[in-house]
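There are 2 protein chains.
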Amino acid sequence: MISLNEAAEYLRGVDHILILSHQFPDGDTLGASTALCRGLQQLGKHAMIKCSDEIGPKYRYLFDGVKPEEFSPDVVVAVDIADLTLLGEPLVSQYGKKIDLCIDHHPSNTCYAARCHIDPKASATCELIYTLLKQMDVEIDQLIAASLYTGITTDTGCFKYTNVTPATYRIAADLVETGMNAPKINRLMFDTKSRAHMEMERRVVDTIEYFYDDRVAVIVITQKMIAETGAKEDDMEGLSSIPRQIEGVLIGVTIREKAAGGYKISLRAQQPVNASEICAKFGGGGHAGAAGCTFNTTLEEAKTQMVSAIGEYLTKL
Amino acid sequence: MISLNEAAEYLRGVDHILILSHQFPDGDTLGASTALCRGLQQLGKHAMIKCSDEIGPKYRYLFDGVKPEEFSPDVVVAVDIADLTLLGEPLVSQYGKKIDLCIDHHPSNTCYAARCHIDPKASATCELIYTLLKQMDVEIDQLIAASLYTGITTDTGCFKYTNVTPATYRIAADLVETGMNAPKINRLMFDTKSRAHMEMERRVVDTIEYFYDDRVAVIVITQKMIAETGAKEDDMEGLSSIPRQIEGVLIGVTIREKAAGGYKISLRAQQPVNASEICAKFGGGGHAGAAGCTFNTTLEEAKTQMVSAIGEYLTKL
Numbered sequence: 000m001i002s003l004n005e006a007a008e009y010l011r012g013v014d015h016i017l018i019l020s021h022q023f024p025d026g027d028t029l030g031a032s033t034a035l036c037r038g039l040q041q042l043g044k045h046a047m048i049k050c051s052d053e054i055g056p057k058y059r060y061l062f063d064g065v066k067p068e069e070f071s072p073d074v075v076v077a078v079d080i081a082d083l084t085l086l087g088e089p090l091v092s093q094y095g096k097k098i099d100l101c102i103d104h105h106p107s108n109t110c111y112a113a114r115c116h117i118d119p120k121a122s123a124t125c126e127l128i129y130t131l132l133k134q135m136d137v138e139i140d141q142l143i144a145a146s147l148y149t150g151i152t153t154d155t156g157c158f159k160y161t162n163v164t165p166a167t168y169r170i171a172a173d174l175v176e177t178g179m180n181a182p183k184i185n186r187l188m189f190d191t192k193s194r195a196h197m198e199m200e201r202r203v204v205d206t207i208e209y210f211y212d213d214r215v216a217v218i219v220i221t222q223k224m225i226a227e228t229g230a231k232e233d234d235m236e237g238l239s240s241i242p243r244q245i246e247g248v249l250i251g252v253t254i255r256e257k258a259a260g261g262y263k264i265s266l267r268a269q270q271p272v273n274a275s276e277i278c279a280k281f282g283g284g285g286h287a288g289a290a291g292c293t294f295n296t297t298l299e300e301a302k303t304q305m306v307s308a309i310g311e312y313l314t315k316l
Numbered sequence: 000m001i002s003l004n005e006a007a008e009y010l011r012g013v014d015h016i017l018i019l020s021h022q023f024p025d026g027d028t029l030g031a032s033t034a035l036c037r038g039l040q041q042l043g044k045h046a047m048i049k050c051s052d053e054i055g056p057k058y059r060y061l062f063d064g065v066k067p068e069e070f071s072p073d074v075v076v077a078v079d080i081a082d083l084t085l086l087g088e089p090l091v092s093q094y095g096k097k098i099d100l101c102i103d104h105h106p107s108n109t110c111y112a113a114r115c116h117i118d119p120k121a122s123a124t125c126e127l128i129y130t131l132l133k134q135m136d137v138e139i140d141q142l143i144a145a146s147l148y149t150g151i152t153t154d155t156g157c158f159k160y161t162n163v164t165p166a167t168y169r170i171a172a173d174l175v176e177t178g179m180n181a182p183k184i185n186r187l188m189f190d191t192k193s194r195a196h197m198e199m200e201r202r203v204v205d206t207i208e209y210f211y212d213d214r215v216a217v218i219v220i221t222q223k224m225i226a227e228t229g230a231k232e233d234d235m236e237g238l239s240s241i242p243r244q245i246e247g248v249l250i251g252v253t254i255r256e257k258a259a260g261g262y263k264i265s266l267r268a269q270q271p272v273n274a275s276e277i278c279a280k281f282g283g284g285g286h287a288g289a290a291g292c293t294f295n296t297t298l299e300e301a302k303t304q305m306v307s308a309i310g311e312y313l314t315k316l
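Those protein sequence lines, which keep their order, are chains F and R.
Using numbering that gives the first Met the number 0, you'd call the opening residue of the first sequence number 0 and step up by one each time.
Using numbering that gives the first Met the number 0, you'd call the opening residue of the second sequence number 0 and step up by one each time.
Written out as structure tokens, the structure reads:
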């Protein structure tokens, strides 16, 4: 483990730096990669970014002002990557054993690099990159600020999650002070739903069933709905939080038909319910607030078994 | 107009203070009232709050730690009240002409009090009350912080709107530093939907129609839906932003049947559309992003007229 100061010192002394983002890239890994890349380029260094997956249209603005470069790297930096497998192919094979520096906020980080700075108290890796860039005397311009803000707002659900600290708000203040357009980013990240998502939502809301004095709400997602709406994985985001959002609901249950057959059940629970205890009965697991398990039965059978296990749990609560 | 410092000076010198919230009370007027009341009580003063409407269950926690008092006031303070009519009855008649101090952030504030501090740059009146309490040397404890945070997060849509400034984030940082539970407040304010709201959403999403290459989406809310679901005004919150949230939609249109007959149309628009220009054609108005007008016609006639006016507008854009 090294300090951010030591990481800044290290980067100051090197050049031709390759930055790696994790597969299925999100706002934090891409925000951190693009901010770091622009910062290094601002200091006159050569820097480039690689990711095993294509960047979706939603995140392309993060690359505004990143100068496209192509070179054989002297130094490889991984940002927001908890585990080597999350690099995805071809990057694992190419760089898995050659990572010089890792900067991350995941507590599960396996410290796979020659130098690691892991800080689980940071809400987002972008918080760490902000401090790193300041220590390197990079000027935080509007484009760098937009990248860093994107990582912070996406990893905190727009400042809603429990990972938000006073430091998170203070960094956000510094970033918006550059004049970057935070409301536009938040609208794009949180208030924009695809047509396919709306169509899924309509179908899913039609399936809501309530149990146990409305303390439990169950929704169903079938392969037929997915085929009818043409929904991709991105379009499904947020569907499983629908039942838990209903006032008075302690446990929200999402039963999703798998493409290969069988059903995946996701539980979202409010305190004092421990969703992972319920899922453990069926060989699943997770956290108190969110857990899951799998059923290789019919839909009716899966629903009956889960609802009755929840009933038993609630009587003992 | 007086400064916040002068307002603090004034309050330091008085006692038996009545604080007024506006009718249909929201998070900001109640957050500001309860924080100020607790602050004044902490300084050993007598303070109480009045509102023309009953406080809904959602906001009752704001009154935790407010000592119930009843007295004949020497001083009357209005917080977050832009106009005397917003006091509602019976408060307008009782106190309308006797308001000693008004603290507000609405640019439309009519300066109806003997002393006014109006700052439209503040995202919420709670930002102003925070600074006021600090100047009065009140200790911002967890309960005061929870009240102030509630006003700021509700008036900014959880830090999403364009009214958020660096100061907003910095105050939020100071408030969460007290240890108050911000994620719990945000879940309650933004991630909890009533059964009636869910039922309304289900019906409303079923009415979505698209026009002009899906750049315009129209939803309909009828009195029949409201009767069937038993939805109250609170349960309707957020419905009119559904169409505008759909990817690619420039103008979201909500056509709502009025209880007394006729239809109210609300437009929500993205840049560069100016919704108020479109509504002005029908004698309505508003802002570029949100505007409205009224039709005393059938639903079909109202929809046809509005959709064709939007079509004309879009061809000229």
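Backbone N, C-alpha and C fix where the C-beta goes; we use that ideal spot for every residue, glycine too.
No experiment lies behind these values; they were computed from the predicted model shown.
- Contact holds between the stretch 240 to 253 of chain F and the stretch 217 to 227 of chain F, because three or more Cβ pairs, one in each stretch, are under 8 Å apart.
- Selection R:Gly38, R:His196 and R:Gly178 evaluated against Val163 of chain F yields R:Gly178 as nearest (Cα-Cα).
- The CB of Ile245 of chain F comes closer than 7 Å to the CB of Lys192, Arg194 and Met197 in chain R, given here in chain order.
- DSSP assignment within the stretch 85 to 136 of chain R yields the following whole alpha helix (DSSP H) runs of 4 residues or more, N-terminal first: 90 to 94 and 124 to 134.
- For Lys223 of chain F, the enclosing alpha helix (DSSP H) starts and ends at Gln222 to Thr228.
- The stretch 1 to 14 of chain F makes contact with the stretch 96 to 114 of chain F; the number of CB pairs closer than 8 Å reaches 3 or more.
- Rounded to the nearest whole angstrom, the CA to CA distance from Ala195 of chain R to Leu83 of chain F is 47 Å.
- Non-local C-beta neighbours of Phe23 of chain R in its own chain, meaning closer than 7 Å and more than five positions away in sequence, comprise Asp52, ordered along the chain.
- Taking a contact to require three or more Cβ pairs closer than 8 Å, the stretch 150 to 162 of chain F and the stretch 125 to 137 of chain R do not qualify as touching.
- Using beta-carbon distances, Asn273 of chain F does not count as an interface residue toward chain R, since no partner is under 8 Å.
- With its beta carbon less than 8 Å from one in chain R, Lys159 of chain F belongs to the interface.
- Looking at R:Asp25, R:Glu198 and R:Ile277, the one whose alpha-carbon comes closest to that of Met224 of chain R is R:Glu198.
- Among the residues facing chain F, Val217 of chain R is not included, as its CB has no counterpart in that chain under 8 Å away.
- The beta carbon of Pro182 of chain F falls within 8 Å of a beta carbon belonging to chain R, placing the residue at that interface.
- Of all alpha-carbon atoms in F:Arg186, F:Lys96 and F:Glu276, the one lying nearest the alpha-carbon of Glu246 of chain R is that of F:Arg186.
- The C-beta separation of His15 of chain R from Asp73 of chain R comes to about 4 Å, placing the pair in contact by the 8 Å criterion.
- Per the DSSP secondary-structure output, Met47 of chain R pairs in a beta bridge with R:Leu17.
- The three-state secondary structure of Val76 of chain F, taken from DSSP, is strand.
- A distance below 8 Å separates the beta carbons of Val137 of chain R and Gln41 of chain R.
- Under a 10 Å Cβ-count criterion, Asp27 of chain F is classified as buried, with 16 or more other Cβ atoms of the shown protein chains found around its own Cβ.
- Relative to Glu208 of chain F, the option among F:Pro242, F:Leu238, F:Ala181 and F:Ala226 whose CA is nearest is F:Pro242.
- Its chain contains Ala195 as the residues whose beta carbon lies nearer than 6 Å to that of Gly229 of chain F, once the 5 sequence neighbours on both sides are disregarded; these appear in chain order.
- For the pair Tyr58 of chain R and Leu90 of chain R, the CB atoms are not nearer than the 8 Å cut-off.
- In the three-state reduction of the DSSP assignment, Ile207 of chain F falls in the coil class.
- Looking from the CA of Leu142 of chain F, the closest CA among F:Thr191, F:Ala171 and F:Phe62 belongs to F:Phe62.
- In the structure shown, Arg214 of chain R falls within a coil segment according to DSSP collapsed to helix, strand and coil.
- Rounded to whole angstroms, Ala123 of chain R and His45 of chain F show a C-alpha spacing of 45 Å.
- Less than 8 Å divides the Cβ of Asp233 of chain R from the Cβ of Gly55 of chain R.
- Not a single C-beta of chain F is nearer than 8 Å to the C-beta of Arg267 of chain R.
- Distance from the Cα of Thr33 of chain F is smallest, within the candidate group F:His105, F:Leu86 and F:Ser146, for F:Ser146.
- Rounded to the nearest whole angstrom, the CA to CA distance from Ala172 of chain F to Asp173 of chain R is 12 Å.
- Around the CB of Ala31 of chain F, 16 or more other CB atoms lie within 10 Å, so the residue is classed as buried.
- Rounded to whole angstroms, His104 of chain R and Leu238 of chain F show a C-alpha spacing of 37 Å.
- Per DSSP, the unbroken alpha helix (DSSP H) holding Arg186 of chain R starts and ends at Ala181 to Phe189.
- Taken through DSSP and simplified to helix, strand or coil, Glu8 of chain R comes out as helix.
- Between the alpha carbons of Arg114 of chain F and Met0 of chain F lies a gap of roughly 6 Å.
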